[in-house]
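Participant: Can you read through this structure? Questions will come right after.
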Amino acid sequence: MRFTRTATASTLAATVALGGAITLASPAQATPAQSSSALTTKTANTCPTWTVIKKAVNFRSGPSTSKYAKGVIYRGDFGKKVDRSGSWIKLKLGKKSRGGLPKGSTGWVPRAYLDQCVYMNLD
Numbered sequence: 000m001r002f003t004r005t006a007t008a009s010t011l012a013a014t015v016a017l018g019g020a021i022t023l024a025s026p027a028q029a030t031p032a033q034s035s036s037a038l039t040t041k042t043a044n045t046c047p048t049w050t051v052i053k054k055a056v057n058f059r060s061g062p063s064t065s066k067y068a069k070g071v072i073y074r075g076d077f078g079k080k081v082d083r084s085g086s087w088i089k090l091k092l093g094k095k096s097r098g099g100l101p102k103g104s105t106g107w108v109p110r111a112y113l114d115q116c117v118y119m120n121l122d
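Numbering that gives the first Met the number 0 numbers the first residue of the sequence shown as 0 and each following residue consecutively.
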């Protein structure tokens, strides 16, 4: 459910600085919102882009260290998640990697070496 903001942070700070009292309503007492600037509940991150956060990572043919490495991808290389197996993510590279793997190459990387992008809501 979405709720409207009843005051901005600067308004609240000014009210407190001038000795005013602030009453906060619980979410159950808040008014449902219709505007795009309303607060929203937290949802799962569905962003498809994953970025390498380690200095260098083997880009493997399967979700295991026993599978051969197709090459190395480096911090900043990125791709779209196309599959998952346990703690491994299968990526399709979004551009030619710094290690020379062509755009569109697919390979497996441990989840611990990747960071999923976060959508930003800019008002």
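Cβ coordinates follow ideal geometry from the N, Cα and C atoms, glycine included. Here the structure is a predicted model, which means the values were calculated and not measured.
Compute the Euclidean distance between the alpha carbons of K69 and C46, then round it to the nearest angstrom.
Facilitator: For the purposes of this step, residue 69 is taken as the residue at position 70 of the sequence shown. For the purposes of this step, residue 46 is taken as the residue at position 47 of the sequence shown. Computed Cα separation, rounded: 25 Å.
Participant: How many Å lie between S96 and A111 at the Cα?
Facilitator: Along the sequence shown, read from residue 1 onward, the residue named residue 96 stands at position 97. Along the sequence shown, read from residue 1 onward, the residue named residue 111 stands at position 112. Each residue's alpha carbon lies about 19 Å from the other.
Participant: My output table needs one value for A20: the three-state DSSP class, helix, strand or coil.
Facilitator: Indexing the sequence shown from 1 puts residue 20 at position 21. With a pLDDT of 49 at A20, under the threshold of 50, the modelled position of that residue is not reliable, and the figure given next carries that caveat. Correct three-state label for A20: coil.
Participant: State buried or exposed for G85, treating a residue as buried only when at least 16 other CB atoms are found within 10 Å of its CB.
Facilitator: For this step, residue 85 is matched to residue 86 along the sequence shown. So G85 ends up on the exposed side.
Participant: Of the choices Q115, F77, V108, whose alpha-carbon is the least far from that of P101?
Facilitator: Walking along the sequence shown from the start, residue 101 turns up at place 102. Among Q115, F77, V108, the Cα nearest to that of P101 belongs to F77.
Participant: Per DSSP, which residues does D114 bridge with? Please list them.
Facilitator: Taking the first residue of the sequence shown as 1, we reach residue 114 at position 115. Note: D114 sits in a beta bridge opposite T50.
Participant: At the level of alpha carbons, what is the spacing between A55 and G93?
Facilitator: For the purposes of this step, residue 55 is taken as residue 56 along the sequence shown, with counting starting at 1. For the purposes of this step, residue 93 is taken as residue 94 along the sequence shown, with counting starting at 1. Whole-angstrom Cα-Cα distance: 17 Å.
Participant: In angstroms with no decimal places, state the Cα-to-Cα distance between R83 and K89.
Facilitator: For the purposes of this step, residue 83 is identified with residue 84 of the sequence shown, where counting begins at 1. For the purposes of this step, residue 89 is identified with residue 90 of the sequence shown, where counting begins at 1. Each residue's Cα considered, the two are about 6 Å apart.
Participant: What number of angstroms, rounded off, separates the C-alpha of Y67 from the C-alpha of V108?
Facilitator: Here residue 67 is taken as the residue at index 68 of the sequence shown, counted from 1. Here residue 108 is taken as the residue at index 109 of the sequence shown, counted from 1. About 12 Å.
Participant: Within the same chain, show all residues whose beta-carbon is closer than 7 Å to that of K91, passing over the 5 residues directly before and after it, in chain order.
Facilitator: Working through the sequence shown from its first residue, we reach residue 91 at position 92. Result list for K91: G78, K79, V81, G103, T105, in chain order.
Participant: Candidates I52, P62, T64, T48: which alpha carbon is nearest I72's?
Facilitator: Here residue 72 corresponds to residue number 73 of the sequence shown, with the count starting at 1. Out of I52, P62, T64, T48, I52 has the C-alpha closest to the C-alpha of I72.
Participant: By a C-beta neighbour count over all protein chains shown, 10 Å radius and 16 as the cutoff for buried, is R74 buried or exposed?
Facilitator: For this step, residue 74 is matched to residue 75 along the sequence shown. That one is exposed.
Participant: Suppose only complete runs of 3+ residues qualify. What are the beta strand (DSSP E) ranges in the segment 44-100, listed by chain order?
Facilitator: 48-51, 55-59, 68-73, 77-84, 87-92
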